[in-house]
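Engineer:
2 protein chains.
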Amino acid sequence: MARGSRLVDLVHARIEDFLAGRSSILRSISPDLDPLDAFSRRFLSGGKRFRALFCYWGWESVAGRGFDPFESDGGRDHYPVVSAASALELFHAAALVHDDLIDNSDTRRGAPSAHRLFESLHADSGWAGGSAEFGRASAILLGDLLLGWSDELFDEGLDAVADRQAARAARAEFMRMRTEVTSGQYLDILEERAWLVQPEAEQRTRAERVIVYKSAKYSIESPLVIGGALAGASAAQLAALRGFGLPLGIAYQLRDDLLGVFGDPEVTGKPSGDDLREGKRTMLVAIARERLSTGQRRLLDELLGDPDLGADQVRMLQRTIADCGAVEEVEAMIADNLASATAVLEDAPLSRDARAELGSLAKAVTRRAS
Amino acid sequence: MARGSRLVDLVHARIEDFLAGRSSILRSISPDLDPLDAFSRRFLSGGKRFRALFCYWGWESVAGRGFDPFESDGGRDHYPVVSAASALELFHAAALVHDDLIDNSDTRRGAPSAHRLFESLHADSGWAGGSAEFGRASAILLGDLLLGWSDELFDEGLDAVADRQAARAARAEFMRMRTEVTSGQYLDILEERAWLVQPEAEQRTRAERVIVYKSAKYSIESPLVIGGALAGASAAQLAALRGFGLPLGIAYQLRDDLLGVFGDPEVTGKPSGDDLREGKRTMLVAIARERLSTGQRRLLDELLGDPDLGADQVRMLQRTIADCGAVEEVEAMIADNLASATAVLEDAPLSRDARAELGSLAKAVTRRAS
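Protein sequence lines correspond, in order, to chains A and B.
For the first sequence, my numbering assigns the number 1442 to the initial residue and increments by one for each residue that follows.
For the second sequence, my numbering assigns the number 1442 to the initial residue and increments by one for each residue that follows.
1) Our contact map puts Leu1779/A next to Leu1758/A with C-beta atoms below 8 Å; I'd like the distance itself, whole angstroms only.
2) With DSSP run on the structure shown, which of helix, strand or coil describes Pro1553/B?
3) Can you find the residues in the same chain that come closer than 6 Å, C-beta to C-beta, to Leu1673/A, ignoring five residues on each side of it along the sequence?
4) Which residues in chain A have a C-beta closer than 8 Å to the C-beta of Thr1812/B? List them in chain order.
5) Give a yes or no on whether the C-beta atoms belonging to Met1616/B and Glu1593/A are separated by under 7 Å.
6) Using a 10 Å radius around the Cβ and a threshold of 16 neighbouring Cβ atoms, would you call Glu1719/A buried or exposed?
7) Ends of the alpha helix (DSSP H) at Cys1496/B?
8) Where does Glu1769/A land, buried or exposed, given buried means 16+ other C-beta within 10 angstroms?
9) Give the straight-line distance between the Cα atoms of Asp1794/A and Asp1596/A, rounded to the nearest whole angstrom.
10) Buried or exposed: where does Arg1549/B fall if 16 or more other Cβ atoms within 10 Å of its Cβ makes it buried?
11) Examine the Cβ distances between the stretch 1450 to 1469 of chain A and the stretch 1523 to 1532 of chain A and report whether three or more of them are shorter than 8 Å.
12) For Thr1548/A, does the three-state DSSP call read helix, strand or coil?
13) Would you check if the distance between the CB atom of Thr1723/B and the CB atom of Ala1648/B is smaller than 7 Å?
14) Just the Cα atoms here: how many angstroms apart are Lys1489/A and Leu1537/A?
15) Which chain A residues sit within Cβ distance under 7 Å of His1563/B?
16) Answer with yes or no whether the minimum CB distance from Tyr1654/B to chain A is below 7 Å.
17) Hey, does Arg1455/B have any beta-carbon neighbour from chain A nearer than 7 Å?
18) Do three or more CB pairs link the stretch 1654 to 1668 of chain A to the stretch 1738 to 1753 of chain A at distances below 8 Å?
19) Can you pull the chain B residues whose beta carbon is under 7 Å from the beta carbon of Gln1626/A, in chain order?
20) Distance cutoff 7 Å, beta carbons only. Does Phe1615/A sit that close to anything in chain B?
21) Compute the Euclidean distance between the alpha carbons of Tyr1632/B and His1539/A, then round it to the nearest angstrom.
22) To the nearest angstrom, how far is the alpha carbon of Leu1799/A from that of Glu1772/A?
23) If I measure Cβ to Cβ from Gly1598/A and keep anything under 6 Å in the same chain, skipping five residues before and after, which residues do I get?
24) Measure the Cβ-Cβ separation of Ala1493/A and Val1452/A and say whether it is below 7 Å.
25) Please list the partners that Gly1567/A has in chain B, where partner means a Cβ-to-Cβ separation under 8 Å.
26) Between Pro1706/B and the ligand GDP, is the CB less than 6 Å from at least one heavy atom?
27) Which chain A residues are close to Ala1578/B, counting only those with a beta carbon under 7 Å from its beta carbon?
28) Which residue's Cα is closest to the Cα of Gly1766/A: Gln1737/A, Pro1553/A, Leu1733/A and Arg1483/A?
29) For Ser1591/A and Gly1584/B, I'd like the C-alpha separation in whole angstroms.
30) If the criterion is Cβ atoms closer than 7 Å, does the pair Leu1689/B and Ala1782/B meet it?
31) Would you identify the three-state DSSP class for Gln1639/A, choosing helix, strand or coil?
32) Against Leu1531/A, what residues of chain B qualify as contacts under a CB-to-CB distance less than 7 Å, listed in chain order?
33) Measure the Cβ-Cβ separation of Glu1614/A and Ala1670/A and say whether it is below 7 Å.
Printed below as a string of C-alpha cells:
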C-alpha cells in the first residue's frame, strides 16, 4: 500500500494546512481559544485513516489514473479527493469527541479524551465552578466546531470539481452519511437502555441495524461512494462500491465488537473490556445471550453496563462469552461478510489496480488488532 | 412589516418541507428515531425568526426587487434567500439544543428543553440506566443532526444561485459565522469561570468580546451579510450591512442581558433571574461590579452562578444591580449603539425600502420584552 501511505501523508498535510487557517481565525478572536486549536490538532494527528483510504480508493477505482500524488500534476487532479478524505477525518474527530462524552470515556487512543483534557485545563487554571462540568460543556463546543470545519473542508474540495453533477452526488452522500451515522449513534445508546423492554427475538435485528448505520455505511460504504462519486462514477460503479462496502463495513464493526470485549488495552488504547462497562448491546452480546443458559444470561444482563466492573468480573464475562461459542460465531460472520465483499470486487466495473488495493484493505480492516 | 410576516410564513413552510424530507430518511432507518423527528419539529416551530428576517432584508437591500413572495415569480427568485434564512433558523435550533445542555437549562420558550424531553422519554419508557444521562446524550446527537441539516438546507439554496461568486461569498460568511459563534460560546462559558483570575480592568473588554462573537455577529451582522452576499452585494454594500449590523447586534445582546436578569418569566419563557443562577458574566454584571462597593461586589460574586438562588435572593440581586446605576448605563449603551446603527443606514447604498424595514427591525429587536 505504498500509494496508500503517501495518501495518508497528503491527508495529514491537507488537514494541517486547513487547521492552520482555522487557527488564525481563532487567534484573531482571542488567545483564550488556544485550547480549542491545540485539542483539534491533537485529535487529528493520529488514527488509522481508514475512512480517508476508502474514500481515496473509491475515487481511484473509478478515475483509474494509476495516479502518483507526488509526481503527476502537482496535486490539482487529486485536490478534491484529498480534501474529501480529509473532511471525513475531521468529521470523524468531531464524532469521537461527542461519542467519548456520550459514553463517558476517559481515554481515546491511549490519551485523555477531549472532555477530560478540558477538565484538566479547568482544574489547573484555578477557575470558578466545577471542572467536570466545564470539561463536558467545552467538549460539546469543540465537537460542534469540528463538525462545521469538516463541512467547510469538504466544500473546498467540491469547489475544485469541474463536473457539477459529480460534485452534487458526492455531497448528497456526505449529507446522507451524517444523518445516518447520527441516527445510528442514537440507536446505539437507545439499545443500551431499551433492550430491557424489547422482545428477545428482535435482538439480532436490532444489533445489526446499529452496525449498519453507526458503522458499516459510515466507516466504509459512504467513504467509498463519496470518492467514487467525485470521480463521476456510473450507477453500476456506485452499486459495486456499495456492494463491496456494506458487507465489509459489517465485518469491520464485528471485529470492533470483538476488540471492545477482548482487545489488548496496550494495542487498542482503550481499557480492557471497555464495551462491557459501557453496556454496549452488540451482535456479540445478542449472540451470547441466545446461547447462554437462563442463569448465565441473567448474570450477563446484570453486569453489563456497570461502569465499576472489576478486572475479575471483566475476565469472567470474557470467559462466559467465549465459552458459549459466541466468539466463533462472530468470527464466522466476519469471514462470510469479508467473502461477500471480495466476491463483489472480482468482476466489478472498477480499475484493476484499485480492486487489488481494496482487497488488501479489506483484509487489513477485518484482521486488525486495534 | 407585512412582507416580513409573509417571509416568516415562507421560512416556516421551507423548514417544514425540508424536515419532511429528513423525516422520511429517519423513518427508512427505524421508527425508533421518531423522537428525533418530533423534537426537531418542536424546536423549529417557534422563535422570533430574527435571523431569518435579517437575512431576508440583507438580500432585499441589495436585490431591491420590492419583491412580493406570494405574487411575483412563484418563488424561483427568492428560493436561495428563503433557504438560507431557513438554514439560519435550523442552525440556531441546533445551537439552542446544545446551549441548554451546556447551561443546564430546564426550559426553552416556556417548554422543556431538549435534554429534558429525552429524559422524560426515558423515564416514561421503562428503559435501563439513568434518565438524565440518556437525556444529555440524546440532546448532543439531536444538536449534531440539526447542525448537519442546517448546512444541507443552506447548500440546497446555494445550488439555485446562478452567480457562483455570490454563492461562494454567502457560504464563506456562513462558515465564518459558525466558527465565530462557537468560539463566542466557549468564551462565554470560560468567562463564567475564569473571571476569578482575570484582572478587574479587563472585565468590560472581555464581556464585550463575548457579546460581539456569541451574539452580535451571529444574530444580526452575519445574517445580513449572508443575505446581501446572495444578492451579489458590492464591497460598499457589505460594509454598510456590517456597519449597521454590528452595533445593532451589540444593542440586541445588551437588551438580552437586561432581560436575562429583569425579564418577566411570563413573557421570556425563562425563569426570572435565569442569568444570575447561570452566573453569566455579562456587560451588565461588569458595569455593576465597577459601580458597587467592595462589600456589595463580594456579595454579588458570591451569589452569582449559584443554581439554587431563591426568589428573595434574585430580587435582592436585581435591586443591587439596578440601584447602582448599571441598568441605566446599559440602557444608554443600547441607545448609543442603536443610534450608530441607524446612522449607517441613512446614506447606505441599499434600497430605500429595505432601509426603512431595517430601521423598524432595529427598533423591534432593541425594545423587545422577550
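Idealized CB from N, CA, C, for every residue including glycine.
Structural biologist: Per the coordinate set shown:
1) Between Leu1758/A and Leu1779/A the Cβ distance is about 27 Å, and since that is not below 8 Å, they are no contact.
2) strand
3) Residue 1673/A is actually Gly in this sequence, not Leu. Around Gly1673/A: Asp1604 and Ala1607.
4) No statement about residue 1812/B is possible, as the shown extent of chain B runs from 1442 to 1811 and does not include it.
5) yes
6) buried
7) Phe1491 to Ala1504 is the extent of the alpha helix (DSSP H) around Cys1496/B.
8) exposed
9) 28 Å
10) buried
11) yes
12) strand
13) Cβ atoms of Thr1723/B and Ala1648/B: closer than 7 Å.
14) Each residue's Cα considered, the two are about 13 Å apart.
15) Arg1634
16) yes
17) no
18) Cβ pair count under 8 Å is below three, so no.
19) Leu1582
20) For Phe1615/A, the answer is no, since every Cβ of chain B falls outside 7 Å of its Cβ.
21) Contrary to the premise, residue 1632/B reads as Glu rather than Tyr in this sequence. Cα-Cα distance, rounded: 23 Å.
22) Answer to the nearest angstrom: the Cα atoms are 21 Å apart.
23) Pro1521, Ser1524 and Ala1525
24) yes
25) Leu1637 and Val1638
26) In terms of ligand content, the structure shown is empty, and the ligand GDP therefore cannot be addressed.
27) Ile1543 and Ile1630
28) Out of Gln1737/A, Pro1553/A, Leu1733/A and Arg1483/A, Leu1733/A has the C-alpha closest to the C-alpha of Gly1766/A.
29) 16 Å
30) yes
31) coil
32) The contact set of Leu1531/A on chain B, defined by CB atoms closer than 7 Å, is empty, because the minimum CB distance reaches about 13 Å.
33) Yes. Within cutoff.
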